[in-house]
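Number of protein chains: 2
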Amino acid sequence: MNTNTFDLSQYLQERARWVDEALNRYLPGEQERPQQLHRAMRYSALSGGKRLRPILVLAGAEAVGGEAHLVMPTACAIECIHTFSLIHDDLPAIDNDTLRRGRPTCHVQFGEATAILAGDALFASAFELIARNAETVPAERVVQVLQIVAEASGTRGMVGGQMVDIESEGKAVDADTLEYIHRHKTAALLRASVLAGAVLAGAQPWQRDALSHYGECVGLAFQIADDLLNVLGDPRKMGKAVGTDAARGKATYPALFGVEASRQRAHDLVQEAIGALADFGAEAEPLRAIAHLVVEREG
Amino acid sequence: MNTNTFDLSQYLQERARWVDEALNRYLPGEQERPQQLHRAMRYSALSGGKRLRPILVLAGAEAVGGEAHLVMPTACAIECIHTFSLIHDDLPAIDNDTLRRGRPTCHVQFGEATAILAGDALFASAFELIARNAETVPAERVVQVLQIVAEASGTRGMVGGQMVDIESEGKAVDADTLEYIHRHKTAALLRASVLAGAVLAGAQPWQRDALSHYGECVGLAFQIADDLLNVLGDPRKMGKAVGTDAARGKATYPALFGVEASRQRAHDLVQEAIGALADFGAEAEPLRAIAHLVVEREG
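Taken in order, these protein sequences are the chains called A and B.
If you count the first sequence from 1, position 213 lands on 258 in my numbering, and the numbers rise without skipping.
If you count the second sequence from 1, position 153 lands on 198 in my numbering, and the numbers rise without skipping.
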């Protein structure tokens, strides 16, 4: 690891706690009507994920000299979008997954209708939270972030990638299609996370470009690492089943290029991500350390 | 009708055409990847609805002296949200409807996975379009509209109302719960439509308050009229089945209060809506005429 004196583990733990506390505060309470919907939203959003995307929002702000707490509503917004996408992807009509973060998936726990609506409601909450960020950040920056995050979530981002992923199940997939899926399904929202934090904190154009490049590389490396974990991982550490991609005939990097080439590509992408931060100083150390972590994680 | 020389029919036709043209331009093309997702989005969004919500956005802007074309992205955004909600509500796990605007519903035509994702993608597109409105309107106003529209869509608005509607199926529902469902499921987005247009056009606080009151009344009247049409309507004029609410044990106004009391309540709400516009001049004539239309429509 290239982190020197920087303690990544402490950094991540502290910020994950901040995010958990803020999400708990922002999400509607289980006493408030409609209670069942709020239970489902909170069940899925407060289930102890790693909070990688919101931490990237905070780290993106910090990398350009901003204050993490000022971008917390947007950090939580992106976690809501991530959670919404997991709930809908797990539905019987899509991936039909029953286990997520070591617990029954939302539709198993609350029924399919509630799960669909809980996903929709979390997506709406995300945009309420972005609007809320205008309390601490100029409206012009908030509108730019709205554009970045909405595009990264929709048909030109996450949802578009998920669609091509489903269409490709059980089919022979070429490298271009696999790249399309990874870039849209996973990398788009990770890139938007680091970029959103930086834009809210007043990034210069060169900083935006560099962090966009960083985010894209880390996003692709993350998805390749995810594909590798699905082949090689320990289900106890991951809180979900392994081997499911192959069973479903999913397009994955190791299926197309093999395990060793996949590892190499992930490591090359991490180097490229860190190279994109060459003109940043110590304030980008968290982003550098996170880039390494993405391919070294066990779950 | 209180429309004097104002020609509502021409006004609605013209604006519905503007909205159709703009939506066609804004929505991603069927040649663009992922094609099937874009086909499903366009199939549902460009299926010839009345465009009541986007027209309310335009009329809300005009009522405070604004220019309809400047708020077109937000008008189309709200139509995308309405379409998204119809697609998800029609799903087998929710209302299991097979016919909508005289055609097979999205999941019947494209499959359930594509329908879920097309709804999600339209919801994301809505927020891209709101961001786009910052090209012609100050960012501060766009952020206010973002807040209004996101809240009206989510758990404290449309999705929350849909959740309570589902929970109430087959149960004895009291007047408070029925009011909750109508206010959230239907009135919230109609109110947000007129308010969004007005805010983008620079409404004064008294104008916002008056139009908010107008929108709430028109929204409630619209849902009561919808309930009445489901009992008494002509399925050929409506493009969907009738009698479905009673068959499902849905909570409706006529089921709780009877047909005559429902008609009276809808007409009282229309009068209240028009009363809220007392301090507006001729520029609010479209809104007055729309309020009448809402309870007089046949589909």
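The C-beta atom is built at its ideal place from N, Cα and C for all residues, glycine as well.
Next on the checklist: Please determine whether the Cβ atom of residue 113/A lies at a distance below 6 Å from any heavy atom of the ligand ATP.
Outcome noted: This structure lacks the ligand ATP; in fact it carries no ligand of any kind.
Checklist entry - So, are the CB atoms of residue 83/A and residue 73/A less than 7 Å apart? => result Translated into positions along the first sequence, residue 83/A becomes position 38. Translated into positions along the first sequence, residue 73/A becomes position 28. When the beta-carbon positions are compared, residue 83/A and residue 73/A come within less than 7 Å of each other.
Item to check | Counted within 10 angstroms of its Cβ, other Cβ atoms place residue 54/A as buried (16 or more) or exposed | outcome: Reading the first sequence from its first residue, position 9 is the one you call residue 54/A. Within a 10 Å sphere around the beta-carbon of residue 54/A sit fewer than 16 other beta-carbons, which makes this residue exposed.
Item to check | Residues of its chain near residue 227/A, where Cβ-Cβ distance is below 6 Å and the 5 sequence neighbours each way are ignored | outcome: Within the first sequence, numbered from 1, the residue matching residue 227/A stands at position 182. Around residue 227/A, the same chain offers 265, 268 as residues with beta carbons nearer than 6 Å, after the five sequence neighbours per side are excluded.
Checklist entry - Between which two residues does the alpha helix (DSSP H) containing residue 228/B stretch? => result Taking the second sequence and counting its residues from 1, one reaches residue 228/B at position 183. Annotation for residue 228/B: no alpha helix (DSSP H) segment contains it, and DSSP assigns it neither H nor E.
Next on the checklist: By the three-class DSSP mapping on this structure, what secondary structure does residue 322/A have?
Outcome noted: As a working mapping, residue 322/A is identified with position 277 in the first sequence. Coil.
Checklist entry - According to DSSP, is residue 149/B helix, strand or coil? => result Within the second sequence, the letter at position 104 stands for residue 149/B. In the structure shown, residue 149/B sits in a strand (DSSP, three-state: E or B).
Next on the checklist: Can you look up residue 144/A in the DSSP assignment and give me helix, strand or coil?
Outcome noted: Position 99 of the first sequence holds residue 144/A. Residue 144/A sits in a strand when the DSSP states are folded into three classes.
Checklist entry - Does residue 377/A come within less than 7 Å of chain B when only Cβ atoms are used? => result A query on residue 377/A cannot be resolved here, the shown segment of chain A reaching from 46 to 344 and no further.
Next on the checklist: Going residue by residue through the segment 80-121 of chain B, where are the continuous alpha helix (DSSP H) segments of at least 4 residues, counting only ones entirely within it?
Outcome noted: If we require 4 residues or more, the alpha helix (DSSP H) runs fully inside the segment 80-121 of chain B come out as 80-90, 97-108.
Checklist entry - Which full runs of the alpha helix (DSSP H) of 4+ residues lie inside the segment 236-298 of chain B, going along the chain? => result Whole alpha helix (DSSP H) segments, 4+ residues: 250-277, 280-283, 289-293.
Checklist entry - Going along chain A, which residues have a C-beta under 8 Å from residue 205/B? => result As a working mapping, residue 205/B is identified with position 160 in the second sequence. Residues of chain A passing the Cβ test: 78, 79, 82, 166.
Item to check | Three-state secondary structure (DSSP) of residue 48/B | outcome: Taking the first residue of the second sequence as 1, we reach residue 48/B at position 3. Because the pLDDT at residue 48/B is just 46, under 50, the model does not fix this residue reliably, and the value given afterwards should be weighed accordingly. It is coil, neither helix nor strand.
Checklist entry - Apart from the five residues just before and just after residue 272/A, which ones in its own chain have a Cβ nearer than 6 Å to its Cβ? => result Along the first sequence, one-based indexing puts residue 272/A at 227. Here the set comprises 297, 298, 299.
Checklist entry - chain A beta carbons: is any one of them nearer than 7 Å to that of residue 283/B? => result As a working mapping, residue 283/B is identified with position 238 in the second sequence. Not an interface residue.
Next on the checklist: Cutting at 7 Å between CB atoms, please list the residues of its own chain near residue 67/A, excluding the five before and the five after it.
Outcome noted: Residue 67/A sits at position 22 when you count from the first residue of the first sequence. Result list for residue 67/A: 117, 121, in chain order.
Checklist entry - Just checking my contact of residue 193/B with residue 237/B at CB under 8 Å: how many whole Å lie between their CB atoms? => result The residue you call residue 193/B lines up with position 148 of the second sequence. The residue you call residue 237/B lines up with position 192 of the second sequence. Indeed, because the Cβ distance is near 5 Å, the residues count as touching under 8 Å.
Checklist entry - DSSP state of residue 131/B, grouped into three classes? => result Taking the first residue of the second sequence as position 1, residue 131/B is located at position 86. Residue 131/B falls in the helix class under three-state DSSP.
Item to check | Per-residue DSSP class, three states only, for residue 139/B | outcome: Counting from 1 along the second sequence, the entry for residue 139/B is found at position 94. In the structure shown, residue 139/B sits in coil (DSSP, three-state: anything other than H, G, I, E or B).
Checklist entry - Which residues in chain A sit within 9 Å of residue 139/B, going by Cβ to Cβ distance? => result Here residue 139/B refers to the residue found at position 94 when the second sequence is read from its first residue. Result: 157, 158, 161, 162.
Checklist entry - If you count every other CB in all the chains shown that lies within 10 Å of the CB of residue 285/B, and 16 or more means buried, which is it? => result Within the second sequence, numbered from 1, the residue matching residue 285/B stands at position 240. Under this definition residue 285/B is a buried residue.
Item to check | Which of helix, strand or coil DSSP assigns to residue 201/B | outcome: Position 156 of the second sequence, counting from 1, holds the residue named residue 201/B. DSSP places residue 201/B outside both helix and strand once states are collapsed to three, so it counts as coil.
Item to check | Three or more C-beta pairs below 8 Å linking the segment 87-104 of chain B and the segment 135-151 of chain B | outcome: They touch, by the three-pair rule.
Checklist entry - Using a C-beta cutoff of 7 Å, does residue 257/B count as contacting chain A? => result Along the second sequence, one-based indexing puts residue 257/B at 212. It does not; no Cβ of chain A falls within 7 Å.
Next on the checklist: What would DSSP say about residue 222/A, mapped onto helix, strand or coil?
Outcome noted: Translated into the one-based positions of the first sequence, residue 222/A becomes position 177. DSSP places residue 222/A in helix when its eight states are reduced to three.
Checklist entry - Do you know how far the Cα of residue 283/A is from the Cα of residue 103/A? => result Numbered from its first residue, the first sequence carries residue 103/A at position 58. Numbered from its first residue, the first sequence carries residue 283/A at position 238. Cα to Cα, residue 103/A sits roughly 24 Å from residue 283/A.
Checklist entry - Can at least three beta-carbon pairs, one atom from the segment 229-247 of chain A and one from the segment 319-329 of chain A, be found at a separation below 8 Å? => result The segment 229-247 of chain A is not in contact with the segment 319-329 of chain A.
Checklist entry - Looking at the structure shown, is residue 331/A part of a helix, part of a strand, or coil, going by DSSP? => result In the first sequence, counting from the first residue as 1, residue 331/A sits at position 286. In this structure, residue 331/A counts as helix in the three-state DSSP scheme.
Next on the checklist: Let's test the definition: count the other Cβ atoms within 10 Å of the Cβ of residue 50/A and tell me whether it reaches 16, buried, or not, exposed.
Outcome noted: If you number the first sequence from 1, residue 50/A lands on position 5. When all chains shown are included, residue 50/A counts as exposed.
Item to check | Proximal residues of chain A, C-beta to C-beta of residue 192/B below 7 Å | outcome: Indexing the second sequence from 1 puts residue 192/B at position 147. Chain A residues near residue 192/B: 173, 176.
Checklist entry - Are the Cβ atoms of residue 189/A and residue 109/A separated by less than 7 Å? => result Taking the first sequence and counting its residues from 1, the one referred to as residue 189/A is at position 144. Taking the first sequence and counting its residues from 1, the one referred to as residue 109/A is at position 64. Cβ distance not < 7 Å, so residue 189/A and residue 109/A don't count as in contact.
Checklist entry - Which residues in the same chain as residue 69/B place their Cβ atom closer than 7 Å to its Cβ, once the five residues preceding and following it in sequence are excluded? => result The residue labelled residue 69/B in the question sits at position 24 within the second sequence. Excluding residues within five positions, the ones whose Cβ falls inside 7 Å are 91.
Item to check | Burial state of residue 318/A (16 or more Cβ within 10 Å) | outcome: As a position in the first sequence, residue 318/A is number 273, starting the count at 1. Counting other Cβ atoms within 10 Å of its Cβ, residue 318/A reaches 16 or more and is therefore classed as buried.
Next on the checklist: Would residue 116/A pass as an interface residue toward chain B - the criterion being a Cβ-Cβ separation below 7 Å?
Outcome noted: Here residue 116/A corresponds to residue number 71 of the first sequence, with the count starting at 1. Closer than 7 Å: no.
Checklist entry - In this structure, does DSSP put residue 72/A in helix, strand or coil? => result For the purposes of this step, residue 72/A is identified with residue 27 of the first sequence, where counting begins at 1. Under the three-state reduction of DSSP output, residue 72/A falls in the coil class, being neither helix nor strand.
Checklist entry - Who are the neighbours of residue 136/A on chain B, taking C-beta pairs under 9 Å? => result Within the first sequence, the letter at position 91 stands for residue 136/A. Those within 9 Å of residue 136/A in chain B are 138, 157, 158, 161.
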